[in-house]
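J.: I'd like to ask you about the structure that follows.
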Amino acid sequence: MVKRAVVFSGGGAKGGYQIGVWQVLNEIGYIPDIVTGTSIGAINGALLALGKYDEALELWENIDLENSLQIFEGNASAGAENREERSPKFFRQIVLEGGVDCSPMFRKIAALVDEAQLRSSNVDYGLVTTTLPARKPIELFLENIPQGQLHDYIFASASAYPFLKSRKIGDRTYIDGGYADNLPVKMALERGAGEIVAVNIGKMAVKEIPANDARIHFIHNRRPLSPSNIGKLKEFTSEHSRRNIRQGTLDAKKAFGLLDGHVYAFERYEKYKICYFDTTCSEKYKSVFSDFTSSSMLEKTALKNVSVFFAQFGTDPLAFNSNVLHCAETAAEIFDLDQTEIYTLASMCSLLIERSKALLSENTSESLGKMTRLLDKGLSLELVRSLVAQLDKKLLLGFCLQLLLEERLELRRKRWLWAVSAIVPDCFCAALFCCSAILNAAEFTESELLDKNKATEENR
């Protein structure tokens with residue numbers, strides 16, 4: 000029987016994301032034989048190995064600075080003012096005292112992680128920490144951890160030095176395992192894992208994974224989670240943690256085919272409806288770019304950068320209309336649609352059309368007029384880059400959309416689109432989908448899309 004493993008990376012206050020993934024593992028009946036983790040992943044991994052989902056969820060739904068760090072403890076009522084007032088002391092502890100004291104959080108975790116229970120479980124649990132000053136990687140499974148020292152080693156793994164204080168065990172000093180291996184997939188492989196769910200929430204580079212025959216499901220958020228760095232004290236709140244939990248749930252469901260989407264989450268099978276926008280997108284694309292090799296360096300650069308933009312998604316060339324879906328999601332990002340919602344294609348289109356029309360109705364003639372006048376002068380690509388970089392992406396999306404909605408494009412206006420595509424290809428691609436959505440709005444209602452989707456399903 001294939002051994003299953005779960006690997007949790009380090010990632011500090013973003014750890015709630017892993018609880019969201021855990022929720023989906025429960026739903027699909029994925030029960031691990033092996034659990035390895037680094038830093039906050041070692042903490043969440045211990046809770047996973049013990050099966051304490053409800054306790055972990057409660058912990059992460061209510062996490063904030065006031066119940067995590069000693070410096071803020073007992074001042075929850077002061078809220079943001081307390082954080083502002085204590086911020087200088089917070090950073091002084093990092094610089095002068097070797098890190099912040101997070102004993103309030105560690106006490107809560109110690110109460111949840113029963114060492115005897117974990118040792119008697121059927122789960123093979125391991126963690127990573129790092130020695131100081133040698134920075135030697137230390138990989139330990141339960142049998143390598145002396146009796147009574149499990150909590151010490153878990154907290155050593157999570158000692159995000161120099162932000163948090165280092166951990167002394169015996170005569171050795173330890174710091175965060177992320178300095179050694181922030182996503183310990185190798186440990187799970189060495190224990191014989193044949194299927195692995197690896198959840199990466201960290202910024203550190205992932206250690207090279209040795210050649211193997213295991214089936215590995217990599218789950219990570221496509222965009223930065225909050226809080227993204229220790230300087231943003233206001234973002235260490237239960238509200239941000241709950242969003243991260245939700246994001247982990249959505250990304251895990253996408254990873255296991257329960258939802259569609261890349262950055263955003265769509266109901267299952269919604270990706271097949273994107274085909275109704277493919278024709279318009281293709282026609283508009285061809286109205287801007289030539290089918291033949293261009294003599295224009297600007298057009299060549301634009302074509303190249305649009306291709307590079309799509310390449311970042313790592314799209315399967317056989318995937319169903321995936322590039323059009325990426326255009327839709329890019330538009331959603333520029334318009335700042337909520338990434339923790341589950342959309343239908345029709346519901347997202349409705350929002351994009353609404354935002355697009357509002358954008359087109361704004362008076363942007365002054366800022367865009369200056370740009371087009373300068374573009375007409377034939378500026379170098381670097382000057383075009385500095386010009387375009389000053390403008391808001393929504394404004395540039397609206398500019399491209401206005402041009403794409405025209406029936407015929409003269410060369411001068413094509414050059415404007417090439418310039419934007421060369422510098423910010425995401426704005427052009429987003430506008431391409433918004434244009435298609437507007438032009439198709441009258442043709443495809445929600446019910447018609449559903450009917451057509453049924454027909455697609457029957458013919459697949």
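Each residue of the sequence shown is one higher than the one before, counting from 0 in numbering that gives the first Met the number 0.
Each residue gets a CB set at the ideal place from its N, CA and C atoms; glycine is no exception.
(1) Is it right to say residue 209 is buried, meaning 16 or more other beta carbons lie within 10 angstroms of its own, or is it exposed?
(2) Which same chain residues end up closer than 8 Å to residue 123 when comparing Cβ atoms and leaving out the 5 residues on each side of it in sequence?
(3) So for residue 290, helix, strand or coil by DSSP?
(4) Determine contact between the stretch 127-134 and the stretch 145-163, defined as no fewer than three beta-carbon pairs at a distance below 8 Å.
(5) Give the DSSP bridge partners of residue 278, in chain order.
(6) For the pair the stretch 410-420 and the stretch 297-306, tell me if three or more CB-CB distances fall below 8 Å.
(7) Given this structure, state the Cα-to-Cα distance separating residue 143 from residue 120, to the nearest angstrom.
(8) I need the boundaries of the alpha helix (DSSP H) containing residue 413, first residue and last residue.
(9) Where does residue 405 fall in DSSP's three states?
(10) For residue 410, which residues from the same chain have a beta carbon less than 8 Å from its beta carbon, with the 5 sequence-adjacent residues on both sides left out?
(11) Which parts of the stretch 151-205 are runs of the alpha helix (DSSP H), unbroken and 4 residues or longer, counting only runs that do not cross its ends?
(12) So, for residue 116: in the same chain, excluding its five sequence neighbours on each side, which residues have a beta-carbon less than 7 Å away from its beta-carbon?
(13) Just to confirm the assignment, what range does the beta strand (DSSP E) spanning residue 138 have?
(14) Do you know how far the Cα of residue 69 is from the Cα of residue 76?
(15) To the nearest whole angstrom, what separates the beta carbons of residue 112 and residue 46, a pair I think is in contact under 8 Å?
(16) Measure the Cβ-Cβ separation of residue 97 and residue 164 and say whether it is below 8 Å.
(17) My output table needs one value for residue 249: the three-state DSSP class, helix, strand or coil.
(18) Determine the burial state of residue 57: buried for a count of at least 16 other Cβ atoms within 10 Å of its Cβ, exposed for fewer.
(19) Measuring straight from C-alpha to C-alpha, what distance separates residue 217 and residue 251?
(20) Check whether the Cβ atoms of residue 305 and residue 277 sit closer than 8 Å, and answer yes or no.
(21) From 196, 204 and 370, pick the residue whose C-alpha is nearest to that of residue 27; which is it?
(22) Would you kindly work out how many angstroms separate the C-alpha atoms of residue 425 and residue 326, rounded to a whole number?
(23) Taking just the CA atoms, how far does residue 331 sit from residue 224?
(24) Figure out for me which residue from 407, 403 and 391 has the closest Cα to the Cα of residue 428.
(25) According to the Cβ coordinates, are residue 156 and residue 101 closer than 8 Å?
(26) Is residue 36 closer than 8 Å to residue 201 when the C-beta atoms are compared?
(27) For residue 382 and residue 61, I'd like the C-alpha separation in whole angstroms.
(28) With DSSP run on the structure shown, which of helix, strand or coil describes residue 464?
(29) So for residue 7, helix, strand or coil by DSSP?
(30) For the alpha helix (DSSP H) that contains residue 307, what are its first and last residues?
(31) Among 395, 39 and 145, which residue has its Cα nearest to the Cα of residue 177?
(32) Return helix, strand or coil for residue 147, following the three-state DSSP convention.
(33) I'd like the span of the beta strand (DSSP E) that includes residue 214, first residue to last.
(34) From 432, 203, 18 and 169, pick the residue whose C-alpha is nearest to that of residue 183; which is it?
(35) Within the chosen definition, does the stretch 273-289 reach the stretch 239-248 through at least 3 CB pairs nearer than 8 Å?
(36) Return the chain-ordered list of same chain residues with a C-beta closer than 8 Å to the C-beta of residue 19, the five sequence neighbours on each side being excluded.
T.: So, to answer that:
(1) What you label residue 209 is simply residue 210 of the sequence shown in a count that begins at 1. Classification of residue 209: exposed, given that the 10 Å Cβ count is below 16.
(2) For the purposes of this step, residue 123 is taken as the residue at position 124 of the sequence shown. Result list for residue 123: 32, 33, 34, 140, 141 and 190, in chain order.
(3) Counted from its first residue, the sequence shown places residue 290 at position 291. Three-state DSSP puts residue 290 in coil, outside helix and strand.
(4) yes
(5) Indexing the sequence shown from 1 puts residue 278 at position 279. Per DSSP, none; premise fails for residue 278.
(6) yes
(7) Looking up residue 143 in the sequence shown gives position 144. Looking up residue 120 in the sequence shown gives position 121. Approximately 16 Å, taken between the alpha carbons.
(8) Reading the sequence shown from its first residue, position 414 is the one you call residue 413. That run of the alpha helix (DSSP H) goes 410-422.
(9) Your numbering for residue 405 matches position 406 in the sequence shown. The answer is coil: DSSP assigns residue 405 none of H, G, I, E or B.
(10) The sequence position of residue 410 within the sequence shown is 411, counting from 1. Counting only Cβ-Cβ distances below 8 Å, and skipping sequence neighbours, we find nothing.
(11) Within the stretch 151-205, complete alpha helix (DSSP H) segments of at least 4 residues are found at 184-189, given in chain order.
(12) For this step, residue 116 is matched to residue 117 along the sequence shown. For residue 116, where only same-chain residues beyond five positions count, the Cβ hits under 7 Å are 49.
(13) Taking the sequence shown and counting its residues from 1, the one referred to as residue 138 is at position 139. In the DSSP annotation of this structure, the continuous segment of the beta strand (DSSP E) that includes residue 138 starts and ends at 136-140.
(14) Taking the first residue of the sequence shown as position 1, residue 76 is located at position 77. Taking the first residue of the sequence shown as position 1, residue 69 is located at position 70. With a pLDDT of only 49 at residue 76, under 50, the local geometry of the prediction cannot be trusted, and the value read off the model is given with reservation. Spanning the two alpha carbons is a distance of roughly 15 Å.
(15) Counting from 1 along the sequence shown, the entry for residue 112 is found at position 113. Counting from 1 along the sequence shown, the entry for residue 46 is found at position 47. Confirmed, about 7 Å.
(16) For the purposes of this step, residue 97 is taken as the residue at position 98 of the sequence shown. For the purposes of this step, residue 164 is taken as the residue at position 165 of the sequence shown. Yes, Cβ-Cβ distance for residue 97 and residue 164 is below 8 Å.
(17) Stepping through the sequence shown from its first residue, residue 249 is reached at position 250. Residue 249: helix per DSSP, three-state reduction.
(18) The count along the sequence shown starts at 1 and reaches residue 57 at position 58. So residue 57 ends up on the exposed side.
(19) Against the sequence shown, residue 217 aligns to sequence position 218. Against the sequence shown, residue 251 aligns to sequence position 252. Looking at the backbone, the Cα of residue 217 and that of residue 251 are separated by about 9 Å.
(20) The residue labelled residue 305 in the question sits at position 306 within the sequence shown. The residue labelled residue 277 in the question sits at position 278 within the sequence shown. No; because the gap between Cβ atoms is not below 8 Å, this pair is not in contact.
(21) Walking along the sequence shown from the start, residue 27 turns up at place 28. Answer by Cα proximity: 196.
(22) Within the sequence shown, numbered from 1, the residue matching residue 425 stands at position 426. Within the sequence shown, numbered from 1, the residue matching residue 326 stands at position 327. So the alpha carbons of these two residues sit roughly 8 Å apart.
(23) In the sequence shown, counting from the first residue as 1, residue 224 sits at position 225. In the sequence shown, counting from the first residue as 1, residue 331 sits at position 332. Distance from the CA of residue 224 to the CA of residue 331, rounded to the nearest whole angstrom, comes to 17 Å.
(24) For the purposes of this step, residue 428 is identified with residue 429 of the sequence shown, where counting begins at 1. Ranking the options by Cα distance to residue 428, first place goes to 403.
(25) For the purposes of this step, residue 156 is taken as residue 157 along the sequence shown, with counting starting at 1. For the purposes of this step, residue 101 is taken as residue 102 along the sequence shown, with counting starting at 1. No, they are not a contact pair.
(26) The residue given as residue 201 occupies position 202 in the sequence shown. The residue given as residue 36 occupies position 37 in the sequence shown. Taking 8 Å as the Cβ cut-off, residue 201 and residue 36 do not qualify as a contacting pair.
(27) One-based indexing of the sequence shown puts residue 382 at position 383. One-based indexing of the sequence shown puts residue 61 at position 62. Cα to Cα, the separation comes out at about 49 Å.
(28) Here the chain comprises residues numbered 0 to 459, so residue 464 is not present and cannot be evaluated.
(29) As a first step, residue 7 is located in the sequence shown; it is residue number 8 there, counting from the start. Strand.
(30) Translated into the one-based positions of the sequence shown, residue 307 becomes position 308. Where residue 307 is concerned, the enclosing alpha helix (DSSP H) stretches over 296-310.
(31) Here the question's residue 177 lines up with position 178 in the sequence shown. Checking every option, the nearest Cα to that of residue 177 belongs to 39.
(32) For the purposes of this step, residue 147 is taken as residue 148 along the sequence shown, with counting starting at 1. Of the three classes helix, strand and coil, the one that applies to residue 147 here is coil, per DSSP.
(33) Residue 214 sits at position 215 when you count from the first residue of the sequence shown. Here the beta strand (DSSP E) through residue 214 covers 214-218.
(34) For the purposes of this step, residue 183 is identified with residue 184 of the sequence shown, where counting begins at 1. Ranking the options by Cα distance to residue 183, first place goes to 203.
(35) no
(36) Walking along the sequence shown from the start, residue 19 turns up at place 20. Correct list, in chain order: 243, 244, 245, 246, 247, 248, 249, 250 and 251.
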